[in-house]
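Residue numbers (our numbering): 609 to 798.
Backbone N, C-alpha and C fix where the C-beta goes; we use that ideal spot for every residue, glycine too.
All values derive from a computational prediction rather than experimental measurement.
Working notes for the structure below.
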């Protein structure tokens, strides 16, 4: 014999189970109906942007080979001076292309090199110059992913537009870091 509490418990389970089944069924039907509306999305003609109307913009990016060459040149310059650094090269959008962590480089140098490279390319200026701007605009340092310490150098295309940034971190002074970053820029012929 079942008690009223057991009967209510069974009803609740049946109601909850039925509701859950209805939700799942509705989702399946929705997916099927969406797929039925467009059975072959690949058969559509692609939309072509009208280049004559100025809808497209080209940007220049370093190849991985060029970024690696620059990073290696910066690291080699540091090794010649017996410095243990990390070198990062980022593209125009601040995305890391390559990072080389030298033997004995400190753990903080990895992210610092990337942030210096990002800062240099973002403002198209060496980070030593940008650090001086903090006196007049201290809130610049609050921008996520930036580091206003010497050691970052921009890479510019012909015409001066920034295309990459090289950041070096780990030497005892930012001046040394920046000199090594400039060696990476020089390796690219800038």
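Sequence-distant residues of its chain with Cβ nearer than 8 Å to residue 707 (five each side left out): Around residue 707: 679, 694, 695, 696, 697, 718, 721 and 722.
Below 8 Å on the Cβ atoms is my contact criterion, and I expect residue 761 with residue 716 to pass it. Report the Cβ-Cβ distance as a whole number of Å. With 8 Å as the limit, residue 761 and residue 716 do not qualify as a contact, their Cβ atoms being about 20 Å apart.
With distance defined between alpha-carbon atoms, name the residue in 687, 764 and 768 nearest to residue 774. 764
Using beta-carbon positions only, say whether residue 758 and residue 730 come within less than 7 Å of one another. no
Go to residue 699, then tell me how far its beta strand (DSSP E) extends in each direction, as first and last residue. 694-699
Quick one, are the C-beta atoms of residue 779 and residue 785 less than 7 Å apart? yes
Would you give the residue range spanned by the beta strand (DSSP E) that residue 777 belongs to? 770-777
If you measure between the beta carbons of residue 670 and residue 745, is that distance less than 7 Å? no
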